[in-house]
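See structure below.
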Amino acid sequence: MTLIVAGPTGASEHDGGEFHPEQPARIFSVMNGIRALDLEDEVVHVTAPEAELSDLSRVHSSAYLKELEAFCGRGGGDIDPDTYARSDTWSAARRAAGAGLAAIGALEQRGEGIAFMPVRPPGHHALPDRAMGFCFLNNVAVAAASLTARGERVLIVDWDVHHGNGTQAIFWDDPDVLYVSTHQYPLFPGTGRADEVGGPKANGLNVNVPLPAGATGDVVRGALDQVARPTIEEFAPDWVLVSCGFDAHLADPLSELALSSGDFAELARVVNEFVPRPGRLALFLEGGYNPAALETSVTATLGALLGIAVDPVAPTYGGPGMAGLRATEAHRRRAIEEPDAADLRMDA
Amino acid sequence: MVPPFCIVVGFDGSPDAQAALAWAARMSREMGARIRIVHAVGLLEHAGLGDRATVHRETALEIAALAGAEPANVEWSMVDGDPCSALLRMTTAPELADLLVVGSRGSDFHEGSLLGSTSLELAEHSPVPVTIVPAGYRSDRP
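Right, dumping it as structure tokens:
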């Protein structure tokens, strides 16, 4: 099976300094993780072009895009306590968004394989008209919107430790996108409750599984299997995109879930079961801020998908949260049955 | 029994947030309202890399006291999240804020634009009234 690597982007751009955990060195860890797979002819590298404004405008307002470009053009600055922009951030963010579009084209051309986007800045917190949480352009959403624009149905699985509030907001009322997120809660950005189930036209197509600090890999897999799987199978996606953050790792400094690199391999296997046919799976780097954990988790994830034995650290079991999955599902069901309240919950 | 009027104030330590808190504390004094001061904890602060919540707490409680709010009516809380979602969450049960109060510009970051305006986003999405207090407001003005 072919691994299409679209990018990398952000390996030397959009640099906030060593103090900031979302830094260019992350890409070196990720690329080391790919190299550890020892692939030869099975890997195809694709250059990431800057996404066109017409592609970005499917998910971001034109006013926001103009302002972001102008802000970076003036040299950038701090947008909020977490999020910085530099003069080259606009270009870096457009390339990060463009990588997914290029990868989809490459997958379609080959008719097989999986695609991985080692890109930064990350994207899943970016709202239609607002940058936040290290994110400017919603990379996975730009790719998904390009697919729905031609009638495809898209599943987005987001296993980053933080809830993808931007992706949720963008597709809140879109019946062609099913968004599934597992995340630590409470934690930044503060969204991601189980009763946030989607808008009137997409009631039930937003699946949030909030997890307590300390949750282990078996709980995250349980979330996908017990809570999300029935909705995913009923939805029957044409494409599966993954917001592939590795900050749920035990060693990550920004959060408190307790996954190992082996857990990401297991999650990848579960997600692969949702892929309808070869050449329809693409993974987008989101978070992950411990260099060693990032490297080994990338190796484990891609190795599992490519069928390469990489002997990652064993999966984890026994953390809190498994018993709460049933309550999460019940909470979610009640919210689906009360659709009138859903938009208020989304706002709040 | 009707619960006391609840004012939720966003506080990031900035001069604008201090002005907002001073206004809210004055309203509390005049109405007997409860004030909940909310400090949103971002990605970096959660990891111990960013803000200084302990300092902010002391500053906030001092401002509220100086503006005449009854200490028993003032509560400080830290909420993991983006400032906007943290404040909007306070409008739902169990907190049920009656009024949100924020500074006009937020912290010392990009000024009130589409890139990062909490006040604009709150005004658009809040189900309860939002008061945006201009920088420089003083609670002791005549």
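Protein sequence lines correspond, in order, to chains G and V.
Numbered according to my numbering, the first sequence spans residues 17 to 364.
Numbered according to my numbering, the second sequence spans residues 93 to 234.
For glycine and all other residues, C-beta sits at the position ideal for the given N, C-alpha and C.
Contact belief for residue 233 (chain G) with residue 276 (chain G) at Cβ below 8 Å, rounded distance in angstroms: Yes, they are in contact, since the Cβ atoms of residue 233 (chain G) and residue 276 (chain G) sit about 7 Å apart, within 8 Å.
Backbone secondary structure at residue 188 (chain V) - three-state DSSP: In the three-state DSSP reduction, residue 188 (chain V) falls in the coil class, being neither helix nor strand.
Cβ of residue 288 (chain G) within 8 Å of any chain V Cβ: Not an interface residue.
Give the range of the beta strand (DSSP E) segment to which residue 133 (chain V) is assigned. Note, residue 133 (chain V): beta strand (DSSP E), 126 to 133.
Under the three-state DSSP convention, the category residue 258 (chain G) falls into: Assigned with DSSP and collapsed to three states, residue 258 (chain G) falls in strand.
Separation of residue 163 (chain V) from residue 212 (chain G), as counted between CA atoms: Just so you know, the alpha carbons of residue 212 (chain G) and residue 163 (chain V) end up roughly 36 Å apart.
Bounding residues of the beta strand (DSSP E) (the contiguous stretch that carries residue 301 (chain G)): Annotation: the continuous beta strand (DSSP E) that includes residue 301 (chain G) extends over 297 to 301.
I'd like to know if the segment 146 to 155 of chain G and the segment 163 to 176 of chain G are in contact, where contact means that at least 3 CB-CB pairs between them fall below 8 Å. As far as the Cβ criterion goes, the segment 146 to 155 of chain G does not touch the segment 163 to 176 of chain G, which means the pair count is below three.
Could you check the C-alpha separation between residue 223 (chain G) and residue 216 (chain G) for me, to the nearest Å? Taking the straight line from one Cα to the other gives about 15 Å.
So, is residue 125 (chain G) buried or exposed, given that buried needs 16 or more other C-beta atoms within 10 angstroms? Answer is exposed; the Cβ neighbour count stays below 16.
Under 8 Å: do the segment 129 to 144 of chain V and the segment 220 to 229 of chain V share three or more Cβ pairs, one atom per stretch? As far as the Cβ criterion goes, the segment 129 to 144 of chain V does not touch the segment 220 to 229 of chain V, which means the pair count is below three.
Bridge partner(s) assigned by DSSP for residue 146 (chain G): According to DSSP, which records beta bridges pairwise, residue 146 (chain G) is partnered with G:143.
Mapping DSSP to helix, strand and coil, what is residue 9 (chain G)? With chain G covering 17 to 364 only, the question about residue 9 (chain G) has no answer from this structure.
Please work out which residues of its chain come closer than 8 Å, Cβ to Cβ, to residue 200 (chain V), disregarding the five sequence neighbours upstream and downstream, and give them in chain order. Per-residue confidence for residue 200 (chain V) stands at a pLDDT of 48, beneath the threshold of 50, marking its modelled position as unreliable; no derived number is given.
Measure from the C-beta of residue 171 (chain V) to each C-beta in chain G and report whether the shortest distance is under 8 Å. It does; some Cβ of chain G falls within 8 Å.
Within 8 Å (strictly less), CB to CB, does residue 142 (chain V) reach chain G? Interface criterion met: the Cβ of residue 142 (chain V) is under 8 Å from a Cβ in chain G.
Partner residues on chain G for residue 138 (chain V), Cβ-Cβ distance less than 8 Å: Within chain G, the residues placing a beta-carbon under 8 Å from that of residue 138 (chain V) are 203, 204, 270, 271, ordered along the chain.
Suppose contacts are defined by Cβ-Cβ distances below 8 Å. Is residue 100 (chain V) in contact with residue 128 (chain V) by that definition? Between residue 100 (chain V) and residue 128 (chain V), the C-beta gap is smaller than 8 Å, which places the two residues in contact.
What separation, rounded to the nearest whole angstrom, lies between the Cα atoms of residue 229 (chain G) and residue 205 (chain G)? Taking the straight line joining both Cα atoms gives about 15 Å.
Starting from residue 132 (chain G), follow the alpha helix (DSSP H) in both directions and report where the run begins and ends. Segment 130 to 133 is the beta strand (DSSP E) holding residue 132 (chain G); no alpha helix (DSSP H) there.
Is the Cβ of residue 177 (chain V) closer than 8 Å to any Cβ of chain G? Yes, because at least one Cβ of chain G sits closer than 8 Å to the Cβ of residue 177 (chain V).
Whole angstroms are fine: how far does the CA of residue 130 (chain G) sit from the CA of residue 39 (chain G)? Straight-line measurement puts the Cα of residue 130 (chain G) at about 26 Å from the Cα of residue 39 (chain G).
Which of the residues in the segment 330 to 358 of chain G, read from start to end, lie with their CB under 8 Å from any CB of chain V? For the segment 330 to 358 of chain G, the beta-carbon criterion of a distance under 8 Å to any beta-carbon of chain V is satisfied by none of its residues.
Cβ of residue 181 (chain G) within 8 Å of any chain V Cβ: Output row for residue 181 (chain G): interface = yes.
Would DSSP call residue 223 (chain V) helix, strand or coil? Of the three classes helix, strand and coil, the one that applies to residue 223 (chain V) here is strand, per DSSP.
Cα-Cα separation, residue 296 (chain G) to residue 260 (chain G): Computed Cα separation, rounded: 15 Å.
What's the C-alpha gap between residue 221 (chain V) and residue 210 (chain G)? One C-alpha to the other measures close to 26 Å.
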